[in-house]
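Quick note: to get this note's numbering, add 4 to the position in the sequence shown (first position is 1).
Glycine included, C-beta positions come from ideal geometry on N, C-alpha and C.
Note that this is a predicted model, so its numbers are computed, not measured.
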Amino acid sequence: MSSLITLLLVLAYGGGVWKFWTGFHRTNFSRSFTNRLRLSLLWPALIVANKSYRQNFRRALKG
5 MSSLITLLLV LAYGGGVWKF WTGFHRTNFS RSFTNRLRLS LLWPALIVAN
55 KSYRQNFRRA LKG
């Protein structure tokens, strides 16, 4: 059962990374590769901590 939960968490995290990565051009963030990578990988923490990031994340997911 715990492996199923772990798998679901990994898939949700990976899905968030992928959706943000592919929609990054819709955000107001700097277009550098390192910035794109960093913001894509840290999305769960940044969604909780930063209102501006939440708005840009929603923008990136629309499409």
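**OP:** Assign His26 to one of two classes, buried (16 or more other C-beta atoms within 10 Å of its C-beta) or exposed (fewer than that).
**Re:** At residue 26 the sequence reads Thr, which differs from the His that was named. Result: exposed.
Original post:
Going by other Cβ atoms of all chains shown within 10 Å of its Cβ, with 16 needed for buried, is Phe24 buried or exposed?
Top reply: Buried: at least 16 other Cβ atoms inside 10 Å.
Subject >> Cβ neighbour criterion (16 or more within 10 Å) applied to Thr38 >> reply: Thr38 should be labelled exposed.
Original post:
Can you tell me the Cα-Cα spacing of Trp47 and Val21, whole angstroms?
Top reply: For Trp47 and Val21, the distance between alpha carbons rounds to 7 Å.
Original post:
Are the beta-carbon atoms belonging to Arg40 and Ala64 less than 8 Å from one another?
Top reply: For Arg40 and Ala64, no; Cβs fall outside 8 Å.
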